Each structure stands twice: as structure tokens, then as C-alpha cells.
Amino acid sequence: MVTRGFFGRQPPPDISNRVPPGQALTDDFPVLSAGPTPKVPLDTWKFTLKVGPRPVKSWTWEEFNALPQTRMTRDIHCVTTWSKLDTPWQGVMIDDLLGDANIEPPTGFTLAHSFDGYTTNVPTADLVGGKSMVATHFEGKPLTPDHGGPARLLVPHLYFWKSAKWVNALQFTERDELGFWELRGYHAYGDPWREQRYTGDP
1 MVTRGFFGRQ PPPDISNRVP PGQALTDDFP VLSAGPTPKV PLDTWKFTLK
51 VGPRPVKSWT WEEFNALPQT RMTRDIHCVT TWSKLDTPWQ GVMIDDLLGD
101 ANIEPPTGFT LAHSFDGYTT NVPTADLVGG KSMVATHFEG KPLTPDHGGP
151 ARLLVPHLYF WKSAKWVNAL QFTERDELGF WELRGYHAYG DPWREQRYTG
201 DP
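Residues 1 to 202 (UniProt numbering) make up the sequence shown, in order.
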């Protein structure tokens, strides 16, 4: 599903500097996915860090939730032109996952993998330094399946397709390997402030 439009309200002047160009505010939380919502049983859930094809460390659901928990409130921006401000999340920072695995960021590129086969590429620098997390809660409640539960990647400073739903692995790669939407015409990076929606956008 590729769509270029969403009709929302324009931001009032006092917060207009928080809304990227071409975006409109929504109070809802639209549900957009590349395919059907998968069923992800918690008793078989696993999250894995990989360097290339080599697994470095994996966590079960119980082990993952025993890691340090962080709350963050961020604005999010969808490529379909909606923005939602002050969204509250809770989960495990990518920095804490790397720390628990006892590794430094090994390469400059990362490919996020999801239970449904979805992938998206993100520069490693955009995942570390307090920029992103694997989120398990939204508004103080466990993430619903439609919004990527039990866990989704959260990279709020990029267009929201980069925040992969149902994430189950981060794979560090030597080169920038395009993901599902990037191979189908979406921008390789996806900066909302530069309107990097589609291939060819600056």
C-alpha cells in the first residue's frame, strides 16, 4: 500500500515549528501496514542482534523485559503526511541492547527485521546515542498488535515506516541494504524535515 495523502488539521502557530513541511496533525493513531497483522505468541517471541549473518545475542520476552526500561515522549511523522505530537513510549533503548550484548556498534548500517518478513534500513548512527528504542508500550499500555505489538522499533526522527512493527532482529551490515518499502520507491533515509518520501527526493 502506497499512499501520498492524509487529510488532517494544520498546526497552530505556537507548535508549527514541530511539524515538518507537507504534514498535517492528527489526534488519532492511523494503522498502516504492508500486510496483515501477524500473531506473535510471547512464549516463542525472540529478539536477536546480528552482525552480518552471525547472531550475537538473543533475548526471550522475559529476558527482554528484564532489561533497563526507558520512557520517551516524541513527535512522530508518517510518510502519508500525518503527524502526531507528544506520543509516549516505553521500551528498551538500542544503546542498552548493545550494552547487554557487550558490543559497540559494529558497522555503519543496520537492517531491521520483523516477524512478518518486513525489513527497513536505518543508519546505525540513527539508532544509538539515545535516538531509538524497541518499544513495548504506548501511552502506558502494552502495544496492541495493530500498532506493532508486542514490540516495534521506534526511530521517531525519521518517517514512521522506519519504525518497523513486530520487530524481531537488528542486523548490522557492511553496506546500506534497502528494505521492503525502500525497494518499492520510498526514500533510503526518510528525513521528514527534508521531505524525503520517495526515491529521487533530495
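Think of the CB as a built atom: it goes at the ideal place given N, C-alpha and C, for glycine as much as any other residue.
Note that the structure is a prediction, hence the values are computed from the model and not measured.
Cβ-Cβ distance between residue i and residue j below 7 Å
i: G179; j: T110; result: no
i: V40; j: F115; result: yes
i: P123; j: V51; result: no
i: L42; j: W61; result: yes
i: S132; j: I94; result: yes
i: V92; j: V31; result: no
i: A112; j: A164; result: yes
Same chain only: Cβ atoms within 6 Å of residue i, ignoring 5 sequence neighbours per side
i: E139; result: P88
i: T37; result: P145, D146
i: S83; result: V19, Q23, L25, H77
i: G185; result: Y198, T199
i: P156; result: R74, I76
i: P192; result: P20, H77, Y159
i: K162; result: T120, V122, V155, G190
i: W181; result: W161
Spatial neighbours of residue i in its chain, beta-carbon cut-off 7 Å, leaving aside the 5 residues before and after
i: Q196; result: H187, Y189, G190
i: I103; result: V56
i: G35; result: D116
i: P202; result: R194
i: G130; result: M93, D95
i: S33; result: K165
Identified DSSP bridge partners for residue i
i: Q69; result: DSSP output for Q69 lists no bridge partner at all.
i: Y186; result: Y198
i: A112; result: T120, L170
i: K39; result: DSSP lists no partner for K39.
i: V92; result: V134
Close-in-space but distant-in-sequence residues of the same chain around residue i (CB under 8 Å, 5 per side omitted)
i: R175; result: F109
i: P142; result: T136, G149, P150
i: T70; result: Q90, G91, V92, M93, D96, M133
i: V128; result: I94, D95, L98, P105
Outcome for residue i when other beta-carbon atoms lying within 10 angstroms are tallied against a minimum of 16
i: S16; result: exposed
i: A125; result: exposed
i: R54; result: exposed
i: R194; result: exposed
i: P68; result: exposed
i: L98; result: buried
i: A66; result: exposed
i: residue 205; result: This structure gives no information on residue 205, because the portion of the chain shown stretches from 1 to 202.
i: L183; result: exposed
Cutoff 7 Å: residue i Cβ touching any chain B Cβ
i: L97; result: In the displayed structure, chain B is absent; only one protein chain is listed.
Residue i: CB within 6 Å of a non-hydrogen atom of the ligand SAH
i: F138; result: Ligands are entirely absent from the displayed structure, and the ligand SAH is therefore not among its contents.
**Asked** Taking three-plus beta-carbon pairs below 8 Å as touching, is the segment 34-48 in contact with the segment 165-175?
**Response** Under the Cβ criterion (8 Å, minimum of three pairs), the segment 34-48 counts as touching the segment 165-175.
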